[in-house]
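J.: Using this note's numbering, the first residue of the sequence shown is number 281, and each one after it goes up by one. Glycine included, C-beta positions come from ideal geometry on N, C-alpha and C.
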Amino acid sequence: MMAFEVKPQCKYGANCYRKNPDHLEKFSHHDSLKRPNMIEEDEENDELNPSTKKSRLENEFTLDDFPDESPLLELSVEEEDYLQMFHQEDKDEDPSTPEGLDMREELKLKFKVEMPQDLFDFWEFCCNLNTMDPTQALVPTLGLQLVGPYDVISGKFRKHKGKNKPCYVLHWRYFYDPPEFQTVMMKSDSTLHHLGYYRDDPKELPAFVGVNYANMNGVIRQQGDNLFAAVKLHINKLLRSIKDADAIVEIQRVDHALTEWAQVLGYALTAESPKLKERNKRVVTKSFHGAGLVVPVHGDVGYRELPESDANLKKIFKKIAEAKTDEERTAYFEPLQEIMTYVQFANDECDYGEGYELGIDMFSYGDPIFHKAITNVLPLAYHLLDRSEFAEILELHLSDRRHTDLSQLVLVEKSEETEENSPGLL
């Protein structure tokens with residue numbers, strides 16, 4: 281079983297420019313090793329239970345626990361210049377990163393939502409598996425690559441200075457991903473399999489981790505309330521389908537390590553949890569994507585059902601999408617236009633959930649013919665529900681909704697290639 285290895289933290293963290301193998305072996309280069317949330321939780325628990333002063337993590341530490349590594353970092357003038365260049369903030373970023381921002385704040389700025397603790401804990405787990413490139417740690421055994429916010433944590437965007445500005449909220453945003461869904465892992469296969477956080481509100485932490493196969497449909501299935509649980513379910517599925525003995529041994533090795541980490545850190549490894557059960561009680565409708573919609577409901581105010589069942593609504597959408605002529609399509613749009621009128625009445629009476637449901641259903645149906653109708657309904661619903669961040673993400677996605685080339689890193693790299701190949705001014 282894989283042991284927990286604790287190394288002194290390099291003061292430059294993930295942005296350290298030094299590639300010397302001795303230095304990489306001796307020091308950790310991952311900024312999230314210090315777990316502020318868990319330290320605070322443990323301190324609170326200590327006050328309540330004076331007899332149990334021991335931390336849940338036996339390898340918890342602060343940087344003060346280790347000797348200063350500065351003698352190892354006596355740099356030449358050239359090295360200092362290189363280091364300053366490497367740490368200079370990327371002026372081509374969108375949004376640009378203010379100086380002095382820690383990783384949590386930087387991720388919130390770029391992706392418009394706060395990241396949960398399990399994102400950072402899972403990063404540390406992957407660092408333990410593959411020190412040189414944690415984003416690839418699970419690829420050989422599980423086929424899962426860490427993407428999305430992990431590409432920021434790993435510093436991949438800082439290596440590129442192309443003219444095109446990356447749009448972080450579109451980074452690995454699949455065709456059927458609603459604004460509530462944020463991809464953090466993907467599998468390179470024909471199904472476009474990816475895992476991500478699902479949030480009911482952009483100002484709240486994720487409600488659960490979901491999985492979607494974007495080449496099949498827009499259905500989002502719950503995979504537990506943390507990344508360890510989601511990957512554990514993925515492992516269980518692999519072990520039921522793989523026959524190769526050597527591959528099974530390697531998968532079980534990762535499985536044992538993941539289970540140990542999850543137990544030490546206190547993460548449930550089940551598809552359902554008390555947190556998820558409580559959340560699911562507040563779902564007002566499953567919607568087309570199946571993940572369920574949660575809106576504030578006070579008495580009879582907050583949500584009212586659409587005047588059509590899901591089955592009938594899909595028939596209306598199908599007729600519109602498959603119409604042969606503009607005249608035919610206009611006629612088929614009339615029932616949808618009537619429903620949108622009902623949504624306006626519902627908004628006037630503070631039943632914002634109806635427009636939310638209709639907008640998400642049109643988005644999940646997936647035909648671009650509905651994009652204009654979506655922009656007339658869903659952004660307003662988000663604003664009325666005080667979820668304006670989702671409205672911004674939606675508008676950006678509809679302006680560039682695609683099935684392939686989902687990495688914003690590809691966009692930046694192509695920009696660099698264009699710059700290199702373009703002739704200079706005479």
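#1: Which word fits E607, buried or exposed, when buried means at least 16 other C-beta atoms lie within 10 angstroms of its C-beta?
#2: Cutting at 8 Å between CB atoms, please list the residues of its own chain near H663, excluding the five before and the five after it.
#3: Do the CB positions of A626 and M642 come within less than 7 Å of each other?
#4: Please classify Q617 as buried or exposed, where buried requires at least 16 other C-beta atoms within 10 Å of its C-beta.
#5: So, G498 versus H451, is the Cβ gap smaller than 7 Å?
#6: Could you pull out every residue in the same chain whose Cβ sits closer than 6 Å to the Cβ of L691, ignoring the five residues on either side in sequence?
#7: According to DSSP, is F405 helix, strand or coil?
#8: State the DSSP-derived secondary structure class of S356, mapped to helix, strand or coil.
#9: Give every residue of the same chain whose Cβ lies closer than 7 Å to the Cβ of Y493, excluding the five residues on either side of it in the sequence, and list them in chain order.
#10: Pair every Cβ in the segment 528–535 with every Cβ in the segment 563–577, then say whether three or more of these pairs are closer than 8 Å.
#11: Would you grab the beta carbon distance between L549 and F597 for me? Rounded to a whole angstrom, and I think it's under 8 Å.
#12: Where V489 and L678 are concerned, what is the direct C-alpha to C-alpha distance, given to the nearest angstrom?
#13: What is the residue span of the beta strand (DSSP E) that H473 lies within?
#14: Is there contact here, the segment 421–435 with the segment 555–567, by at least three beta-carbon pairs under 8 Å?
#15: Name the one or two DSSP bridge partners that V489 has.
#16: T565 bridges to which residues according to DSSP?
#17: Which residues does DSSP pair with T463 in a beta bridge?
#18: Can you give me the C-alpha to C-alpha distance between P482 and E379, rounded to a whole angstrom?
#19: Could you round the C-beta distance between F455 and G646 to whole angstroms and report it? I think they count as a contact, below 8 Å.
#20: Quick check on L689: does DSSP put it in helix, strand or coil?
#21: Give me the Cα-Cα distance between P554 and Q503, rounded to the nearest whole angstrom.
#22: Can you tell me whether Q425 is helix, strand or coil according to DSSP?
#23: Taking one C-beta from the segment 532–546 and one from the segment 405–415 each time, how about it: are there three or more such pairs within less than 8 Å?
#24: K599: which of E585, P587, L586, E614 sits nearest, CA to CA?
#25: Between the Cα of S468 and those of L422, D524, V432, I673, spot the shortest distance and give me the residue it belongs to.
#26: Under the assumption that I673 contacts V449 (Cβ atoms under 8 Å), give the Cβ distance between them as a whole number of angstroms.
#27: Does V657 come out as helix, strand or coil in the three-state DSSP assignment?
#28: In this structure, does DSSP put H683 in helix, strand or coil?
#29: Buried or exposed, going by whether 16 or more other CB atoms sit within 10 Å of the CB of L593?
#30: Using 7 Å as the threshold, is the C-beta distance between L475 and A510 below it?
#31: At the level of alpha carbons, what is the spacing between E634 and R667?
#32: Enumerated in chain order, which unbroken segments of the alpha helix (DSSP H) with a length of 4 residues or greater are wholly contained in the segment 594–673?
#33: Out of L665, Y477, N495, D401, which one is the CA nearest neighbour of S644?
#34: Output needed for A601: all residues of its chain with C-beta closer than 7 Å, excluding positions within five of it in sequence on either side, in chain order.
#35: Using a threshold of 6 Å, is the CB atom of I654 nearer than that to any non-hydrogen atom of the ligand PLP?
T.: Quick look at the numbers:
#1: Burial call: exposed.
#2: Closer than 8 Å at the Cβ level, and outside the excluded window around H663, lie A671.
#3: 7 Å or more divides the Cβ of A626 from the Cβ of M642.
#4: Exposed, by the Cβ-count rule.
#5: G498 is not a Cβ neighbour of H451, given a cutoff of 7 Å.
#6: Correct list, in chain order: N444.
#7: F405 falls in the helix class under three-state DSSP.
#8: At S356 the pLDDT is 44, less than 50, meaning the model places this residue with poor confidence and gives no usable figure here.
#9: Excluding sequence neighbours, Y493 sits near T471, L472, H473.
#10: The segment 528–535 is not in contact with the segment 563–577.
#11: Rounded, the Cβ-Cβ distance is 38 Å, inconsistent with contact.
#12: The C-alpha of L678 is placed about 23 Å away from the C-alpha of V489.
#13: Membership of H473 in the beta strand (DSSP E) is indicated by the continuous run 473–478.
#14: No, because fewer than three Cβ pairs between the segment 421–435 and the segment 555–567 fall closer than 8 Å, the two stretches do not touch.
#15: Beta-bridge pairing links V489 to Y477.
#16: Beta-bridge pairing links T565 to L573.
#17: Looking at the DSSP output, T463 shares a beta bridge with G476.
#18: Their Cα atoms are separated by approximately 24 Å.
#19: Rounded to whole angstroms, the Cβ separation of F455 and G646 is 7 Å, and the two are in contact under 8 Å.
#20: In the structure shown, L689 sits in a helix (DSSP, three-state: H, G or I).
#21: P554 and Q503 have their alpha carbons spaced roughly 14 Å apart.
#22: Reduced to three states, the DSSP call for Q425 is strand.
#23: Segments in contact, yes.
#24: Of the candidates E585, P587, L586, E614, the one whose C-alpha sits nearest the C-alpha of K599 is E614.
#25: With distances taken between Cα atoms, S468 lies closest to L422.
#26: The pair is a contact, with the Cβ atoms about 5 Å apart (cut-off 8 Å).
#27: Correct three-state label for V657: helix.
#28: Collapsing the DSSP output to three states places H683 in coil.
#29: Buried, since its Cβ has 16 or more Cβ neighbours within 10 Å.
#30: L475 is a Cβ neighbour of A510, given a cutoff of 7 Å.
#31: Between the alpha carbons of E634 and R667 lies a distance of about 15 Å.
#32: Within the segment 594–673, the complete alpha helix (DSSP H) runs of at least 4 residues are 606–628, 633–645, 651–664.
#33: With distances taken between Cα atoms, S644 lies closest to N495.
#34: Answer for A601: D647, I649, listed in chain order.
#35: This structure simply doesn't include the ligand PLP, nor any ligand for that matter.
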